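Protein sequences, first through last, are from chains A and B. For the first sequence, our numbering gives the first residue as 203, with consecutive numbering after it. For the second sequence, our numbering gives the first residue as 49, with consecutive numbering after it. Below is one structure, written out as structure tokens; comments come after it.
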Amino acid sequence: MRIALFVTCLNDALFPQAGIATVTVLERLGHTVAFPDAQSCCGQMHANTGYAAPARRLERLTGAAFAGHDVIVSPSGSCVAHLRAHTGLPAYELSELLIDVLGVTDVGATFPHRVTYHPTCHGLRALRLGDRPTTLLRAVKGLQLIDLPEPEQCCGFGGTFALKNAAVSGAMLADKCANAATTGAEYLAAADNSCLAHIGGGLARHPAAPKPIHYAEILATTGAHP
Amino acid sequence: MGNSSRKIVAIMGVGTVSRELPIVAITPFAVAAERELGDAQLRANLGRATRTIRDKRARVVAEVADWEPMRDRAAAVKDEVLDNLSELLARFEAAAVAAGATVHHATDAAHANAIVTELVKEQRAESVVKIKSMATQEIGLNEALEAAGITPIETDLAELIVQLADDTPSHILVPAIHYNRSQIRDLFARRMPGFTATSDEPAVLAGAAREYLRRTFLAAKVAVCGANFAIAATGSLVIVESEGNGRMCLTLPETLIAVVGVEKLLPRFADLGDFLRLLPRSSTGERMNPYTSIFTGVTPGDGPQRLHIVLLDNGRTQVAQDPVGRAALRCIRCSACLNVCPVYERAGGHAYGSVYPGPIGAILSPQLTGQDAGFNKTLPYASTLCGACYDVCPVKINIPEILVHLRQTGSKPAAERAAMSTLSWVMRDRRRWRAALRAARSGAAPLRALTRRRGGTLRRAPWPLSAWTAHRDAPLPAAESFRDWWRRTHESS
Ligand code: SF4
Numbered sequence: 203m204r205i206a207l208f209v210t211c212l213n214d215a216l217f218p219q220a221g222i223a224t225v226t227v228l229e230r231l232g233h234t235v236a237f238p239d240a241q242s243c244c245g246q247m248h249a250n251t252g253y254a255a256p257a258r259r260l261e262r263l264t265g266a267a268f269a270g271h272d273v274i275v276s277p278s279g280s281c282v283a284h285l286r287a288h289t290g291l292p293a294y295e296l297s298e299l300l301i302d303v304l305g306v307t308d309v310g311a312t313f314p315h316r317v318t319y320h321p322t323c324h325g326l327r328a329l330r331l332g333d334r335p336t337t338l339l340r341a342v343k344g345l346q347l348i349d350l351p352e353p354e355q356c357c358g359f360g361g362t363f364a365l366k367n368a369a370v371s372g373a374m375l376a377d378k379c380a381n382a383a384t385t386g387a388e389y390l391a392a393a394d395n396s397c398l399a400h401i402g403g404g405l406a407r408h409p410a411a412p413k414p415i416h417y418a419e420i421l422a423t424t425g426a427h428p
Numbered sequence: 049m050g051n052s053s054r055k056i057v058a059i060m061g062v063g064t065v066s067r068e069l070p071i072v073a074i075t076p077f078a079v080a081a082e083r084e085l086g087d088a089q090l091r092a093n094l095g096r097a098t099r100t101i102r103d104k105r106a107r108v109v110a111e112v113a114d115w116e117p118m119r120d121r122a123a124a125v126k127d128e129v130l131d132n133l134s135e136l137l138a139r140f141e142a143a144a145v146a147a148g149a150t151v152h153h154a155t156d157a158a159h160a161n162a163i164v165t166e167l168v169k170e171q172r173a174e175s176v177v178k179i180k181s182m183a184t185q186e187i188g189l190n191e192a193l194e195a196a197g198i199t200p201i202e203t204d205l206a207e208l209i210v211q212l213a214d215d216t217p218s219h220i221l222v223p224a225i226h227y228n229r230s231q232i233r234d235l236f237a238r239r240m241p242g243f244t245a246t247s248d249e250p251a252v253l254a255g256a257a258r259e260y261l262r263r264t265f266l267a268a269k270v271a272v273c274g275a276n277f278a279i280a281a282t283g284s285l286v287i288v289e290s291e292g293n294g295r296m297c298l299t300l301p302e303t304l305i306a307v308v309g310v311e312k313l314l315p316r317f318a319d320l321g322d323f324l325r326l327l328p329r330s331s332t333g334e335r336m337n338p339y340t341s342i343f344t345g346v347t348p349g350d351g352p353q354r355l356h357i358v359l360l361d362n363g364r365t366q367v368a369q370d371p372v373g374r375a376a377l378r379c380i381r382c383s384a385c386l387n388v389c390p391v392y393e394r395a396g397g398h399a400y401g402s403v404y405p406g407p408i409g410a411i412l413s414p415q416l417t418g419q420d421a422g423f424n425k426t427l428p429y430a431s432t433l434c435g436a437c438y439d440v441c442p443v444k445i446n447i448p449e450i451l452v453h454l455r456q457t458g459s460k461p462a463a464e465r466a467a468m469s470t471l472s473w474v475m476r477d478r479r480r481w482r483a484a485l486r487a488a489r490s491g492a493a494p495l496r497a498l499t500r501r502r503g504g505t506l507r508r509a510p511w512p513l514s515a516w517t518a519h520r521d522a523p524l525p526a527a528e529s530f531r532d533w534w535r536r537t538h539e540s541s
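Here you go:
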């Protein structure tokens with residue numbers, strides 16, 4: 203199948219590994235990935251911060267960049283939720299694509315590590331990903347999945363919320379990091395690098411806390427290390 | 049006061065609070081929230097209380113097989129009300145008047161307060177007993193009555209505690225969630241006439257409050273209430289409460305004055321069924337509400353002989369004109385959204401600077417009283433948009449959507465506006481975007497080298513990024529952007 207990748211602006215600039223991992227997994231499964239070069243940002247950040255006009259322009263740009271593509275994948279739950287609500291593009295979060303469209307649960311990955319999974323608010327409540335990401339992770343060879351306490355609790359990122367309400371955001375982050383640390387996992391995986399940048403930034407200040415990782419990177423790994 | 053001792057246990061079961069009585073000043077949400085956050089005990093109490101009640105809610109909601117269709121029906125009924133507001137108000141008024149009630153229309157808070165004050169004066173009453181009501185809090189009725197020399201007496205236990213302390217409620221359903229029992233005993237000793245108990249056992253305190261309130265009920269000439277629902281077809285009012293104090297207020301005094309927001313209407317009596325199932329499970333996590341009073345007009349020789357209904361607008365018909373924001377008027381004040389909100393749990397109710405705290409307050413206050421008033425400008429931003437509130441709302445108010453709508457229609461700081469439009473300008477052109485990614489990459493190169501040993505994140509950054517690094521490390525731009533990787537690996541061949 204020919205699948206167009208919406209990598210997202212954040213991954214493009216800061217976390218290219220998530221995009222590379224998405225390409226790696228899909229190509230390993232025998233699919234062709236396209237990367238429309240005119241893409242940049244879906245407009246979510248502008249819309250949610252209160253800037254409707256630039257958001258609408260970026261949504262139109264994204265719509266035009268992906269015109270004619272029947273299947274679009276993105277390694278970001280929140281961007282997929284935004285695209286779905288505002289562009290009508292046939293966009294899928296990676297786990298939706300793999301399980302619902304391609305019918306795959308075992309992507310042939312090996313990752314011999316203890317992993318805990320944070321479901322992220324958009325994955326949980328906007329896209330209702332349910333157990334799709336953890337179904338994929340459970341099929342990874344060598345991976346031990348450990349439940350995260352209070353998984354449905356927001357990590358406190360919320361885009362500019364992290365700056366505008368720094369104290370409350372920091373308090374929510376501290377609770378998320380404390381829960382992550384109790385799991386004894388080596389990695390904390392999630393479906394959104396925006397949340398992971400925030401959680402990972404907190405975990406970096408915790409002794410012996412799990413390392414943040416996008417779950418696509420785990421699915422792409424076939425050796426001992428990501 | 050049927051199960052007030054259970055309620056006082058619920059109020060106090062949250063541990064001890066070492067907290068000064070709050071002085072509510074007009075400061076933006078973030079400042080107020082940070083101050084409340086500093087109170088570790090308050091945080092522990094709120095965390096424990098909201099967790100208990102949201103677990104309880106989740107359990108009893110899961111028992112109802114048709115919960116989701118019921119939410120859809122309730123939302124549709126409320127939208128029907130908003131679509132036909134003036135017609136249904138006229139129908140309600142006609143039915144209520146035919147049953148012996150007098151109906152008044154109040155355009156705003158001052159108007160409503162003037163009507164109620166005048167009605168109380170007509171009865172030559174020096175005090176009124178009150179049933180917990182958000183509408184009368186919203187208009188500041190107690191303050192208006194006091195200014196006119198009339199003493200309002202709250203009869204809901206938690207409201208009474210808050211009133212005796214000259215404080216403001218911090219939760220819609222559990223207004224005194226921020227008090228512990230020794231504080232309550234001291235308060236009663238200072239402010240409650242005839243209070244002699246020395247113990248701070250919940251049952252003793254509840255008993256003392258019951259004694260005090262019984263005397264008050266029997267002496268009262270006028271009662272003031274709100275309403276949870278108003279049935280347009282029959283002119284009936286519905287009050288849902290859990291202590292029985294409401295039943296006393298509704299039956300003993302000769303004159304009853306109800307202040308009812310116009311959005312409380314339901315078209316038909318049959319609509320009530322769904323709402324009486326949705327409300328207790330959503331608010332207290334109980335399957336059925338303990339005291340539900342439904343009354344219509346006046347019955348000669350039985351109960352109040354004068355019933356005045358003040359239909360309160362106070363901004364509501366204007367909110368109903370906003371195609372997105374109007375859904376906030378579906379709210380039945382169950383407080384489920386407060387109990388699941390991670391921001392409310394940490395900031396507490398006072399940080400919202402309004403009688404409506406939590407997610408519903410963040411969308412209702414700016415719409416009712418203006419986006420630039422008081423805390424209102426900062427309230428739409430007091431959310432991560434996590435969506436937990438929307439999931440539990442029994443009338444399916446898409447709170448995150450309305451928060452975003454209010455952010456988009458409200459005023460914004462000039463510097464932020466400039467930054468956001470520059471960013472979108474860069475992002476709208478692939479050459480500009482690629483150039484920006486490369487500039488960021490080379491700019492960050494020295495920092496990447498410096499931070500490599502510690503995982504490549506930045507611990508301290510200058511303003512404005514210092515707001516980020518105060519609480520967490522910052523990521524750095526990657527050594528190679530995704531699109532450069534793609535070009536190198538997929539386009540060069
Ligand atoms: S917004 Fe919904 S959940 Fe919140 S108090 Fe109102 S009805 Fe309840």
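Cβ coordinates follow ideal geometry from the N, Cα and C atoms, glycine included. Keep in mind it's a predicted model, so treat the numbers as computed, not measured.
Presumed contact (8 Å Cβ cut-off) between residue i and residue j, rounded CB distance
{"i": "residue 433(B)", "j": "residue 409(B)", "result": "Residue 433(B) to residue 409(B), Cβ: 16 Å. No contact."}
{"i": "residue 373(A)", "j": "residue 394(B)", "result": "5 Å"}
{"i": "residue 221(B)", "j": "residue 383(B)", "result": "4 Å"}
{"i": "residue 154(B)", "j": "residue 412(B)", "result": "The Cβ separation is near 18 Å, so there is no contact."}
DSSP three-state assignment for residue i, whether helix, strand or coil
{"i": "residue 514(B)", "result": "helix"}
{"i": "residue 117(B)", "result": "helix"}
{"i": "residue 250(B)", "result": "helix"}
{"i": "residue 175(B)", "result": "strand"}
{"i": "residue 111(B)", "result": "coil"}
{"i": "residue 72(B)", "result": "Residue placement at residue 72(B) is poorly supported in this model, since its pLDDT is 33, which falls under 50; the coordinates still yield a value, given next. Coil at residue 72(B), not helix or strand."}
{"i": "residue 412(B)", "result": "helix"}
{"i": "residue 382(B)", "result": "coil"}
{"i": "residue 528(B)", "result": "coil"}
{"i": "residue 445(B)", "result": "coil"}
{"i": "residue 400(B)", "result": "helix"}
{"i": "residue 406(A)", "result": "coil"}
{"i": "residue 237(A)", "result": "coil"}
{"i": "residue 350(B)", "result": "strand"}
{"i": "residue 401(A)", "result": "helix"}
{"i": "residue 277(B)", "result": "strand"}
Residue range of the alpha helix (DSSP H) that includes residue i
{"i": "residue 294(A)", "result": "That residue, residue 294(A), is in no alpha helix (DSSP H); its beta strand (DSSP E) goes 293 to 295."}
{"i": "residue 265(A)", "result": "254 to 267"}
{"i": "residue 225(A)", "result": "218 to 230"}
{"i": "residue 133(B)", "result": "133 to 146"}
{"i": "residue 363(A)", "result": "363 to 366"}
For residue i, the first and last residue of its enclosing beta strand (DSSP E)
{"i": "residue 346(A)", "result": "346 to 348"}
{"i": "residue 284(B)", "result": "284 to 289"}
{"i": "residue 305(B)", "result": "303 to 309"}
{"i": "residue 271(B)", "result": "270 to 273"}
{"i": "residue 359(B)", "result": "354 to 360"}
{"i": "residue 354(A)", "result": "First-last for residue 354(A): undefined, no H or E at that position."}
{"i": "residue 194(B)", "result": "Taken as a continuous stretch (DSSP letters only), residue 194(B) belongs to no beta strand (DSSP E), being part of the alpha helix (DSSP H) at 189 to 195."}
{"i": "residue 301(A)", "result": "Counting along the chain, residue 301(A) falls outside any beta strand (DSSP E), and DSSP gives it neither H nor E."}
{"i": "residue 207(A)", "result": "204 to 207"}
Chain A residues whose Cβ lies nearer than 7 Å to that of residue i
{"i": "residue 264(B)", "result": "Chain A residues near residue 264(B): none, gap ~40 Å exceeds 7 Å."}
Cross-chain neighbours of residue i in chain B, by beta carbon under 8 Å
{"i": "residue 356(A)", "result": "390, 432, 434 and 436"}
{"i": "residue 348(A)", "result": "Under the 8 Å cutoff, chain B gives no residues; its nearest Cβ is about 21 Å from residue 348(A)."}
{"i": "residue 217(A)", "result": "523 and 526"}
Within chain B, partners of residue i - CB distance below 7 Å
{"i": "residue 433(A)", "result": "Look at the range of chain A in this structure, 203 to 428, and you will see that residue 433(A) is not part of it."}
{"i": "residue 434(A)", "result": "Absent from the model: residue 434(A). The displayed extent of chain A is 203 to 428, so no value can be given."}
Proximal chain B residues relative to residue i, where beta-carbon distance stays under 9 Å
{"i": "residue 436(A)", "result": "Lying outside 203 to 428, the shown extent of chain A, residue 436(A) is not represented and no answer is given."}
{"i": "residue 406(A)", "result": "502, 503, 505, 507, 520 and 521"}
Chain A residues whose Cβ lies nearer than 9 Å to that of residue i
{"i": "residue 282(B)", "result": "Those do not exist, as residue 282(B) stays about 39 Å from chain A at its closest Cβ, beyond 9 Å."}
- Residues of the region 428 to 444 of chain B with Cβ closer than 9 Å to any Cβ of chain A, in chain order: 428, 429, 430, 431, 432, 433, 434, 435, 436, 438 and 439
- Taking a Cβ distance cut-off of 7 Å, strictly less, list which residues of the region 310 to 344 of chain A are near chain B, in chain order. 323, 327 and 328
- Message: Please identify, using Cβ separations under 7 Å, the residues of the region 362 to 391 of chain A that lie next to chain B, in order along the chain.
- Response: 363, 364, 365, 366, 367, 368, 369, 370, 371, 372, 373, 374 and 375
- Taking Cβ-Cβ distances below 9 Å as the criterion, which residues of the region 113 to 129 of chain B are in contact with chain A? none
- Task: Would you list, in chain order, the members of the region 84 to 117 of chain B that have their beta-carbon closer than 7 Å to a beta-carbon of chain A?
- Result: 85
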